[in-house]
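Following this note's numbering, the numbering of the sequence shown begins with 5 at its first residue and continues without gaps. Presented below is the structure to which this report refers.
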Amino acid sequence: MDVLKLMKQRSTTRHYTNKPISQTALKKILEAGIWGPALHHFQPWKFVIIKNVALIKKINRMVEKKLEDINTPTFLLYPTIKTMANSKLLICVYNTKDFTGIIERFNKEYFKKAELAEISAIAAAIQNMLLEAENLGIGTCWLDMPLFCREEINKLLKIKDEMVAVLTLGYPLSKGKRSPRKKNTVVTIS
Ligand SMILES: Cc1cc2nc3c(=O)[nH]c(=O)nc-3n(C[C@H](O)[C@H](O)[C@H](O)COP(=O)(O)O)c2cc1C
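Given below as structure tokens:
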């Protein structure tokens, strides 16, 4: 498929059918992630897959409680919770800090740049996965609100890396509408 067409066609999906995601489809989505651009050949990502719906619901309840405890505005809390509640599969995305782990001993400024580069590479891997999912007719939502609860989630999953995102996946029951694109976001210097 035309990649630009695919990018425009993708939209955040918050309502999913009960159809499970096959292992073949999941494998392709993860493959798209790991083939993202890797800064200086480092591939600082780790993907933790959760298919167990009871576990998804448990994580969702933990996130909901945490977001309520910290008085998260409802317009941020409910879309997150409702999307996760009916999702069929989660991909928890982690930063293994392979790059910053080495850059750590250099100066602070360099470390800050390395940190940004590492997160950027992981974001590119996430976008690859969203696009491959779209290509397979699978809906996704990229969530960062669960990060407020990342220590608790890590404890539950017995993971030590730093969580940077949670992706919800499922076959779309309905699709979201894209917002119009902002104008004047490109500056050409000649
Ligand atoms: C970095 C990032 C973090 C996001 N975090 C959340 C979130 O925590 N909760 C949520 O409901 N949606 C979240 N979203 C989804 C956005 O709300 C969604 O992308 C937006 O509504 C635009 O929709 P579109 O992807 O169809 O353009 C996030 C998206 C991005 C890119």
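Note that CB positions come from ideal geometry on N, CA and C, so glycine has one too.
For SER15, the shortest separation between its Cβ and any heavy atom of ligand 1 lies below 6 Å. For ILE54, the three-state secondary structure derived from DSSP is strand. In the three-state scheme derived from DSSP, where H, G and I count as helix and E and B as strand, TYR20 is classed as strand. With contact defined as three or more Cβ pairs closer than 8 Å, the segment 170-186 and the segment 6-21 are in contact. Look at the beta carbons and you see the segment 107-125 not touching the segment 136-150: under three pairs across the two are nearer than 8 Å. Shown here, LEU161 sits in a helix according to DSSP, grouped into three states. According to the DSSP assignment, ILE95 belongs to the beta strand (DSSP E) that extends over 93-99.
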